[in-house]
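The sequence shown begins at 0 in numbering that gives the first Met the number 0 and counts up by one.
No residue lacks a Cβ here, since even glycine has one placed at the ideal position from N, Cα and C.
Below: one structure, written as structure tokens.
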Amino acid sequence: MINTARDITLARAAYERFGFLQLADVLHPLCADIILAKLQHEQTRWYANYTNSNGNPQRRRYQASEGSSRKKMTPFHPKLQEVAKNGYAFFYDNIVCDQMSGYGPEEGEVLDEFTRVINGPESHNFFENLLTLKTGKITHISVQYTRFFAGHFIKSHTDQARDRQRFAAYTISLTKNWAPDSGGILHFVGDAGDIERSVIPTFNTLTLFSVPREHFVSPVAHYVDTPRYSITGWVYI
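If you want it as structure tokens, here you go:
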């Protein structure tokens, strides 16, 4: 699935210098299309992932009768807006295939197989080379499939966790023909509080960056009628 044979020399040098890299065509093209098709399938069961009225993360699985719609989640939105005014908040759909986080396989061969492959020795070696790890080894790469509709967002955060050693974060965009003015842009915040770098979703492109690093996903514009798909997660050592 992962195109481990491609030349990573420039990407590796970029990460070593900036703690940030992008790599196009990171998955074999057919694999990227197959995963996207699975995410787009009307029978794929998604979770609404959001901050509740107490400021705590909450997930709610869409019922079969709801299909792939997110319209049933609109009653949560006014409360979420109040939470977002006062602190960290997020709202998007996801599927987590990560036993390390307490979520087992649940979506069939395609998504679970990618989770298995990215945690195989060949993929771990590929990421270790990208990250220029001089000491230590990757112990785990978490996997979360995400879907952003109009109004979805993630406020600014650093990805730092107290309970585990997150060395880096990654995204693999599975979004085709995304316009810069559609929102849903991954922004990195500099030390002065300005936007240091922005990443527009580009199909089958890996973005990898060191943790902790402040970043956020801007709200998807309300006129956008197609979802933004990606694979995201953390690299643990």
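Hey, quick one: how far does the beta strand (DSSP E) through residue i stretch, first residue to last?
i	result
residue 227	227 to 235
residue 8	No beta strand (DSSP E) holds residue 8; the alpha helix (DSSP H) holding it covers 8 to 17.
residue 208	204 to 209
residue 178	Residue 178 -> no beta strand (DSSP E), and no H or E assigned at all.
residue 155	152 to 156
residue 146	143 to 147
residue 247	Nothing can be reported for residue 247: it is not among the residues displayed for the chain, which extend from 0 to 236.
residue 214	214 to 216
When DSSP builds the beta bridges, which residues end up paired with residue i?
i	result
residue 42	Answer is none; residue 42 lacks a bridge partner.
residue 48	58 and 91
residue 222	Paired residues: none, contrary to the question.
residue 254	Any property of residue 254 remains undetermined from this structure, which presents the chain solely from 0 to 236.
residue 33	Note: residue 33 sits in no beta bridge, so no partner.
residue 21	206
Note the first and the last residue of the continuous alpha helix (DSSP H) segment covering residue i.
i	result
residue 122	120 to 129
residue 110	108 to 117
Is DSSP giving residue i helix, strand or coil here?
i	result
residue 136	coil
residue 199	coil
residue 167	strand
residue 70	The predicted position of residue 70 is uncertain, since its pLDDT is 48 and thus under 50; a value taken from the coordinates is nonetheless stated next. In this structure, residue 70 counts as helix in the three-state DSSP scheme.
On the premise that residue j lies in contact with residue i, defined as a C-beta separation below 8 Å, what is that separation, rounded to the nearest angstrom?
i	j	result
residue 232	residue 164	Contact doesn't hold; Cβ gap of about 14 Å is too wide.
residue 34	residue 113	6 Å
residue 152	residue 235	No, residue 152 and residue 235 are not in contact; Cβ-Cβ is about 26 Å, not under 8 Å.
residue 11	residue 170	Not confirmed; about 18 Å, so no contact.
residue 54	residue 82	6 Å
residue 87	residue 154	5 Å
residue 230	residue 173	7 Å
residue 31	residue 176	That belief does not hold up - the Cβ atoms of residue 31 and residue 176 are roughly 14 Å apart, past 8 Å.
residue 9	residue 129	Their Cβ separation, rounded to whole angstroms, is 11 Å, which puts residue 9 and residue 129 out of contact at 8 Å.
Does residue i get closer than 8 Å to chain B when you measure Cβ to Cβ?
i	result
residue 175	No chain B is part of this structure, which consists of one protein chain only.
Does the contact criterion of 3 or more C-beta pairs under 8 Å hold for the stretch 208 to 216 versus the stretch 186 to 193?
yes
| task | Pair every Cβ in the stretch 217 to 225 with every Cβ in the stretch 175 to 182, then say whether three or more of these pairs are closer than 8 Å. | result | yes
- Is the stretch 10 to 19 touching the stretch 44 to 53 in the sense that three or more CB pairs, one from each, lie closer than 8 Å? no
- Are three or more beta carbon pairs between the stretch 81 to 96 and the stretch 122 to 134 nearer than 8 Å? no
Would you be able to state if there are at least three C-beta pairs under 8 Å between the stretch 24 to 33 and the stretch 0 to 13? yes
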